[in-house]
Amino acid sequence: MAMAPPPPSLLRLCLALLALSSCSLSPEGRVASLPGQPESPAVSQFSGYVTVNERHGRALFYWFFEAQATPEEKPLLLWLNGGPGCSSIGYGAASELGPLRVVRQGAALEFNRYAWNKEANLLFLESPVGVGFSYTNTSSDLDTLNDDFVAEDAYSFLVNWLERFPEYKDREFYIAGESYAGHYVPQLAELVYERSKDKKGKAYINLKGFIVGNPITNDYYDSKGLAEYAWSHAVVSDDVYARIKKYCDFKISNWSDDCNAAMDIVSSQYQEIDIYNIYAPKCLLNQSSASYANRAFFVNDKEQFRRRIRMFSGYDPCYASYSEDYFNKKEVQNAFHANVRGLHPAKWHVCSDSILNSYNFSVFSVLPIYSKLIKAGLRVWLYSGDADGRVPVIGSRYCVEALRLPIKTQWQPWYLDKQVAGRFVEYYGMSMVTIRGAGHLVPLNKPDEGLALINAFLRGEQLPTHR
2 MAMAPPPPSL LRLCLALLAL SSCSLSPEGR VASLPGQPES PAVSQFSGYV TVNERHGRAL
62 FYWFFEAQAT PEEKPLLLWL NGGPGCSSIG YGAASELGPL RVVRQGAALE FNRYAWNKEA
122 NLLFLESPVG VGFSYTNTSS DLDTLNDDFV AEDAYSFLVN WLERFPEYKD REFYIAGESY
182 AGHYVPQLAE LVYERSKDKK GKAYINLKGF IVGNPITNDY YDSKGLAEYA WSHAVVSDDV
242 YARIKKYCDF KISNWSDDCN AAMDIVSSQY QEIDIYNIYA PKCLLNQSSA SYANRAFFVN
302 DKEQFRRRIR MFSGYDPCYA SYSEDYFNKK EVQNAFHANV RGLHPAKWHV CSDSILNSYN
362 FSVFSVLPIY SKLIKAGLRV WLYSGDADGR VPVIGSRYCV EALRLPIKTQ WQPWYLDKQV
422 AGRFVEYYGM SMVTIRGAGH LVPLNKPDEG LALINAFLRG EQLPTHR
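According to this note's numbering, the residues represented by the sequence shown are 2 to 468, in order.
Given below as structure tokens:
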């Protein structure tokens, strides 16, 4: 006997529940697949825009990957790249630590078995406006960019993104980044901390800590470390280093002519190798805006040296060119929910020269933020690839030493696959880790070690101390 159809009211309820279920499983921005993406393994990913200022028409672009297993149990990790002016999608996601890497001169993607979404739900943000696909409809915004502006926009992004993805609202939250994100990360962490003191507030974010790699931290120590590293690693002569020590006062903004002349020699010597990984072969491609990343350091305007030592702190133009080839394809932009403002592909650059040139560098040091957030009980780690000449480990050690934290665990090796992977020291309040043989981009140069590092950080565990 045929069964009677359900009452209309019950049918409507079932349809409503089904729609609700579909929405929760497929929120706005889901990417089914990208051109050239391998068929397996499956990757749960989302991308799109989040408005951060309606009056100015300002929106930031993101790419989000759910954790590969049990995403409902894993924390949320935001990754930021620096520059200022470089894309966390082109570098962090597509070249370093995301699950999909651009390969074959931008022709395809490959699965990255060392992706950090093994350990966390992974969110990449193109920031500030003017970087990558992020945009503003108010051109004056691009003339007022500074660290405070970037932090406020990133905070607005987070609050609005969590409204779109409410299942992550109370999740443990961490911030990570490298290079000039050495400013972005602690500054954003400070904002989140200050505005999340009311745990019942609408804008509460469950911030637990931050981790930064080869970070720009303090102008004095970073500059001192750059010069000392160049000498101690035989890049410059004893005579040049003696002149730097005699003429350079890195505590002041305007260097003397004699100091500029000595530091210009450091620049010229680094032209012959890769300053971001001094033992790696030098990439000879010169076809993308990212090649400016290497050229910009060596411009012949001595008045701009303090600006150029910050420039694009560590980006390989070889990898940049692959990303530019890929993300400028119309079919990629369509699948990616990018370029929503026009029919023609937006010209996407891995780094923006105009952002760098107009950026207002106004913060000398973020060490006071470290002190504040360490005192607040946040987990704070700093890691450094020890083959980076641009933001070398020497400068970072000076920065950490300046915090005057009591030592918990003395400087010692840590191991991976029975080999020394680097060294670390634990203080009461933070940890510093080196990665042996890695350059500025640790997750790219040493992916296995990078994954072990983020795993230990997120779990609050010590790195392995025995073979």
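Note that the Cβ used here is the ideal one computed from N, Cα and C, for glycine as well. Bear in mind that the values here come from a model prediction, so they are computed numbers and not experimental data.
7 Å CB neighbourhood of residue i in its chain, flanking five on each side removed
{"i": "residue 363", "result": "147 and 148"}
{"i": "residue 57", "result": "137, 138, 139 and 142"}
{"i": "residue 333", "result": "35, 36 and 327"}
{"i": "residue 274", "result": "283"}
{"i": "residue 394", "result": "385, 387 and 435"}
{"i": "residue 230", "result": "390, 393 and 395"}
{"i": "residue 428", "result": "406, 407, 408 and 409"}
For residue j and residue i, the rounded distance between their alpha carbons
{"i": "residue 258", "j": "residue 458", "result": "44 Å"}
{"i": "residue 85", "j": "residue 357", "result": "5 Å"}
{"i": "residue 313", "j": "residue 83", "result": "Only weak support is given to the placement of residue 313: the predicted model assigns it a pLDDT of 38, under 50, and the value that follows is read from those uncertain coordinates. Those two C-alpha atoms are separated by around 7 Å."}
{"i": "residue 372", "j": "residue 384", "result": "17 Å"}
{"i": "residue 49", "j": "residue 340", "result": "9 Å"}
{"i": "residue 195", "j": "residue 271", "result": "41 Å"}
{"i": "residue 153", "j": "residue 129", "result": "10 Å"}
{"i": "residue 239", "j": "residue 279", "result": "19 Å"}
{"i": "residue 132", "j": "residue 54", "result": "16 Å"}
{"i": "residue 159", "j": "residue 246", "result": "44 Å"}
{"i": "residue 433", "j": "residue 421", "result": "16 Å"}
{"i": "residue 44", "j": "residue 163", "result": "21 Å"}
{"i": "residue 78", "j": "residue 233", "result": "36 Å"}
{"i": "residue 297", "j": "residue 249", "result": "Reliability fails at residue 297, whose pLDDT of 43 lies under 50, so the model's placement of it is uncertain and no value is given."}
{"i": "residue 181", "j": "residue 200", "result": "30 Å"}
{"i": "residue 166", "j": "residue 348", "result": "29 Å"}
{"i": "residue 115", "j": "residue 81", "result": "18 Å"}
{"i": "residue 409", "j": "residue 464", "result": "14 Å"}
{"i": "residue 124", "j": "residue 243", "result": "45 Å"}
{"i": "residue 444", "j": "residue 103", "result": "15 Å"}
{"i": "residue 263", "j": "residue 269", "result": "10 Å"}
{"i": "residue 441", "j": "residue 359", "result": "24 Å"}
{"i": "residue 254", "j": "residue 351", "result": "29 Å"}
{"i": "residue 415", "j": "residue 145", "result": "43 Å"}
{"i": "residue 252", "j": "residue 186", "result": "23 Å"}
{"i": "residue 113", "j": "residue 241", "result": "43 Å"}
{"i": "residue 354", "j": "residue 97", "result": "22 Å"}
{"i": "residue 174", "j": "residue 210", "result": "7 Å"}
{"i": "residue 453", "j": "residue 439", "result": "14 Å"}
{"i": "residue 30", "j": "residue 169", "result": "15 Å"}
Contacts around residue i, its chain only, beta-carbon distance under 6 Å, and the 5 residues preceding and following it disregarded
{"i": "residue 307", "result": "The pLDDT assigned to residue 307 is 46, lower than 50, so where the model puts this residue is not dependable, and the model offers no usable value."}
{"i": "residue 455", "result": "117 and 120"}
{"i": "residue 72", "result": "122"}
{"i": "residue 219", "result": "366, 368 and 400"}
{"i": "residue 107", "result": "323, 326 and 327"}
{"i": "residue 260", "result": "248 and 249"}
{"i": "residue 212", "result": "177, 382 and 458"}
Range covered by the beta strand (DSSP E) that runs through residue i
{"i": "residue 414", "result": "408-417"}
{"i": "residue 382", "result": "380-386"}
{"i": "residue 175", "result": "174-179"}
{"i": "residue 63", "result": "59-66"}
{"i": "residue 221", "result": "Unbroken run through residue 221 is the alpha helix (DSSP H), 220-233; no beta strand (DSSP E)."}
{"i": "residue 420", "result": "420-428"}
{"i": "residue 54", "result": "46-54"}
Buried versus exposed, by CB contacts within 10 Å (16 or more), residue i
{"i": "residue 370", "result": "buried"}
{"i": "residue 190", "result": "buried"}
{"i": "residue 172", "result": "buried"}
{"i": "residue 361", "result": "exposed"}
{"i": "residue 46", "result": "buried"}
{"i": "residue 412", "result": "exposed"}
{"i": "residue 52", "result": "exposed"}
{"i": "residue 75", "result": "buried"}
{"i": "residue 447", "result": "buried"}
{"i": "residue 206", "result": "buried"}
{"i": "residue 177", "result": "buried"}
{"i": "residue 214", "result": "buried"}
{"i": "residue 202", "result": "exposed"}
{"i": "residue 450", "result": "buried"}
{"i": "residue 467", "result": "exposed"}
{"i": "residue 419", "result": "exposed"}
Endpoints, the alpha helix (DSSP H) within which residue i is located
{"i": "residue 270", "result": "258-271"}
{"i": "residue 245", "result": "239-248"}
Neighbour flag for residue i against chain B, beta carbons, 8 Å
{"i": "residue 135", "result": "Among the chains of the structure shown, chain B does not appear; only one protein chain is present."}
Cβ neighbours of residue i in the same chain (closer than 8 Å, five flanking residues each side left out)
{"i": "residue 118", "result": "66, 67, 68, 69, 99 and 100"}
{"i": "residue 375", "result": "381, 404, 406, 430 and 431"}
{"i": "residue 156", "result": "189, 192, 193 and 196"}
{"i": "residue 127", "result": "61, 62, 63, 88, 89, 90, 133, 134 and 135"}
{"i": "residue 32", "result": "46, 47, 48, 336, 337 and 338"}
{"i": "residue 377", "result": "194"}
Proximity test, residue i beta-carbon vs the ligand SAH heavy atom, cut-off 7 Å
{"i": "residue 189", "result": "With respect to the ligand SAH, the structure shown offers nothing to examine, as it has no ligands at all."}
Can you check the region 193-218 for any beta strand (DSSP E) of at least 3 residues that lies completely inside it and give the ranges in chain order?
-> 208-214
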